[in-house]
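Numbering (my numbering), first residue to last: 316 to 756.
Presented below is the structure to which this report refers.
And the structure:
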């Protein structure tokens with residue numbers, strides 16, 4: 316998709332014009348915003364705990380969206396609801412004249428994970444997912460993202476008379492993927508006109524991760540997160556009695572060859588300087604220990620970090636699976652579904668907002684980021700608008716990284732001292748972009 320947003324040089328020209336109309340100096344505005352963030356900290360924690368105790372799966376975020384819409388309305392923002400099913404957008408129009416439009420994004424959905432963390436606000440929610448009863452948990456931190464963005468809205472709304480331009484607060488459903496047979500997420504929000512009026516000049520987002528300590532922010536220019544595609548392989552053999560395997564074709568041993576052969580692709584078949592991943596996450600086949608089945612289904616993911624390598628990686632996966640299966644007398648039918656593209660941080664915009672992130676985190680708090688093989692549908696926003704996506708550390712300081720449960724784990728937990736930094740980072744970066752701001756740390 317072609318980028319159609321305003322270029323970053325155009326954004327900077329806009330803030331130069333807007334800055335002349337501002338009523339407060341950038342330094343005075345930042346000091347006032349810091350106080351607003353500090354004053355909102357307890358409320359942000361309360362919101363986060365409420366969302367954590369009441370998680371909702373993708374495209375089912377009705378309660379969460381209702382809370383968000385009510386808060387934004389109470390702040391005096393223009394509120395739009397029902398975008399991509401349950402998405403909410405708040406529009407803050409500054410009172411200090413014309414200026415750029417900056418979008419801030421948070422995702423709202425939870426995961427089908429049963430919480431194993433002993434917290435007073437731990438999720439007890441259960442629901443049905445893919446015809447199975449499951450627990451529901453904010454195991455990826457989207458409760459924190461939603462609360463942080465509400466905190467940013469509160470702080471910026473309190474100082475709107477000193478802000479030129481416009482801020483869009485985008486609360487997105489279904490980042491984890493819409494249920495089968497449904498559509499959702501960032502791509503659908505774009506298609507349904509989330510940016511129609513006003514169209515943003517830049518978009519910012521964050522994600523909480525335990526790879527960094529609370530008090531740290533990490534950001535990387537260029538490719539930040541991998542593109543992710545869906546993989547399905549049907550290995551077909553010929554059913555027979557397990558006592559007489561030579562009378563049939565065993566798709567289980569063929570599938571095992573396929574799985575092992577696929578693992579060699581990222582290590583031996585593509586440029587290892589550009590990370591890629593081929594993972595099989597589920598294997599289904601057979602009903603009894605004494606029957607060799609007709610077929611085995613493998614499902615997994617293909618991830619790339621360099622868009623030009625995507626097609627070649629797909630071809631290698633297909634050829635490798637087919638030839639590995641054929642070596643065992645079976646066949647393999649490979650289906651690859653295109654998923655999220657690479658999340659790309661606009662280099663000029665990254666350079667522009669980094670000083671604000673550094674001021675927000677304090678001395679030593681902004682650390683170099685590493686490209687990650689996780690995927691994010693924020694990528695659909697940053698394909699049409701210059702974007703920056705950064706990581707907020709949530710691991711208790713001094714805790715070894717290997718002891719911190721990863722995102723999507725039932726043991727995932729957040730050091731809540733990180734929440735004010737997330738709010739402060741979004742608020743200071745937004746103010747800089749709107750006003751021309753403070754250009755140094």
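Glycine included, C-beta positions come from ideal geometry on N, C-alpha and C.
What you are looking at is a predicted structure, and each value in this text was computed from that prediction instead of being measured.
Could you check where the alpha helix (DSSP H) with residue i kicks off and where it finishes?
i, result
"residue 504", "500-506"
"residue 463", "457-473"
"residue 695", "694-697"
"residue 517", "Premise fails: residue 517 lies in the beta strand (DSSP E), 517-528, not in any alpha helix (DSSP H)."
"residue 394", "Where residue 394 is concerned, there is no enclosing alpha helix (DSSP H), although the beta strand (DSSP E) it sits in stretches over 393-398."
"residue 781", "What is shown of the chain runs 316 to 756, which leaves residue 781 out entirely."
"residue 701", "No alpha helix (DSSP H) holds residue 701; DSSP gives it neither H nor E."
"residue 387", "377-389"
"residue 585", "Segment: none, residue 585 is in no alpha helix (DSSP H) and carries neither H nor E."
"residue 577", "566-579"
Assuming residue i contacts residue j under a Cβ cut-off of 8 angstroms, what Cβ separation, rounded to an integer in Å, is found between them?
i, j, result
"residue 539", "residue 687", "7 angstroms"
"residue 472", "residue 390", "4 angstroms"
"residue 611", "residue 600", "3 angstroms"
"residue 616", "residue 685", "In fact, because the Cβ distance is near 19 angstroms, the residues do not count as touching under 8 angstroms."
"residue 504", "residue 398", "5 angstroms"
"residue 624", "residue 591", "7 angstroms"
"residue 642", "residue 572", "6 angstroms"
"residue 665", "residue 536", "4 angstroms"
"residue 352", "residue 742", "6 angstroms"
"residue 432", "residue 667", "Not quite, the Cβ-Cβ distance comes to about 38 angstroms (not below 8 angstroms), so this is no contact."
"residue 583", "residue 631", "Not really, about 10 angstroms apart at Cβ, beyond 8 angstroms."
Ordered along the chain, which non-local residues of its own chain (more than five positions away) have a Cβ less than 6 angstroms from that of residue i?
i, result
"residue 363", "458, 459 and 462"
"residue 644", "564"
"residue 465", "362 and 386"
"residue 356", "735"
"residue 409", "475, 478, 479 and 480"
"residue 380", "401 and 403"
"residue 648", "549"
"residue 335", "With a pLDDT of only 46 at residue 335, under the threshold of 50, the placement of this residue in the model should not be trusted; the figure read from the coordinates follows. Answer for residue 335: no residue qualifies."
"residue 747", "671"
"residue 534", "684 and 705"
"residue 388", "394"
Out of the options, point me to the one whose CA is closest to residue i's CA.
i, options, result
"residue 692", "525, 389, 569 and 654", "654"
"residue 549", "567, 619, 704 and 517", "567"
"residue 604", "475, 703 and 555", "555"
"residue 423", "454, 641, 624 and 525", "454"
"residue 607", "636, 570 and 587", "570"
"residue 445", "497, 411, 418 and 436", "497"
"residue 484", "509, 346 and 495", "509"
"residue 522", "456, 743, 366 and 594", "456"
"residue 506", "744, 729, 738 and 696", "696"
"residue 420", "534, 359, 649 and 501", "501"
"residue 593", "585, 380 and 577", "577"
"residue 518", "416, 626, 406 and 639", "416"
"residue 732", "711, 704, 752 and 747", "711"
"residue 434", "368, 683, 499 and 584", "368"
"residue 757", "388, 436 and 432", "A query on residue 757 cannot be resolved here, the shown segment of the chain reaching from 316 to 756 and no further."
"residue 709", "527, 358, 489 and 723", "527"
"residue 375", "678, 348, 345 and 488", "488"
"residue 628", "602, 662, 639 and 587", "587"
"residue 662", "639, 705, 638 and 650", "705"
"residue 511", "631, 723, 418 and 558", "418"
"residue 344", "727, 373 and 411", "411"
Starting from the C-beta of residue i, find all residues in its chain whose C-beta is less than 7 angstroms away, skip the five residues before and the five after it, and write them out in chain order.
i, result
"residue 452", "370, 425, 426, 428, 429, 430, 438 and 725"
"residue 384", "394, 396 and 403"
"residue 316", "With a pLDDT of only 34 at residue 316, under 50, the local geometry of the prediction cannot be trusted, and no value is derived from it."
"residue 321", "Model confidence at residue 321 stands at a pLDDT of 47, short of 50, so the residue's coordinates are unreliable and nothing is read from them."
"residue 755", "The predicted position of residue 755 is uncertain, since its pLDDT is 45 and thus under 50; a value taken from the coordinates is nonetheless stated next. Hits under 7 angstroms: 670."
"residue 598", "570, 611 and 613"
"residue 635", "576, 577 and 580"
"residue 543", "616, 618, 654, 655 and 690"
"residue 738", "352, 355, 359, 463, 466, 467 and 470"
Once you ignore the five residues that flank residue i on each side, which residues in its own chain have a CB closer than 8 angstroms to its CB?
i, result
"residue 377", "371 and 401"
"residue 736", "529, 530, 532, 675, 676, 680 and 707"
"residue 622", "542, 656 and 657"
"residue 360", "462, 731 and 734"
"residue 721", "525 and 727"
"residue 745", "417, 419, 467, 471, 482 and 519"
Assuming residue i is part of the beta strand (DSSP E), what are its boundary residues?
i, result
"residue 719", "That residue, residue 719, is in no beta strand (DSSP E); it is neither H nor E in DSSP."
"residue 482", "481-487"
"residue 673", "Not the beta strand (DSSP E): residue 673 falls in the alpha helix (DSSP H), residues 662-676."
"residue 547", "542-551"
"residue 728", "That residue, residue 728, is in no beta strand (DSSP E); it is neither H nor E in DSSP."
"residue 532", "532-534"
"residue 681", "681-683"
Using a threshold of 8 angstroms, is the CB atom of residue i nearer than that to any non-hydrogen atom of the ligand FAD?
i, result
"residue 508", "The ligand FAD is not part of the structure shown, which contains no ligands of any sort."
Entirely enclosed alpha helix (DSSP H) segments - the segment 597-653, minimum 4 residues: 625-641
Complete runs of the alpha helix (DSSP H) confined to the segment 398-455 [at least 4 residues]: none
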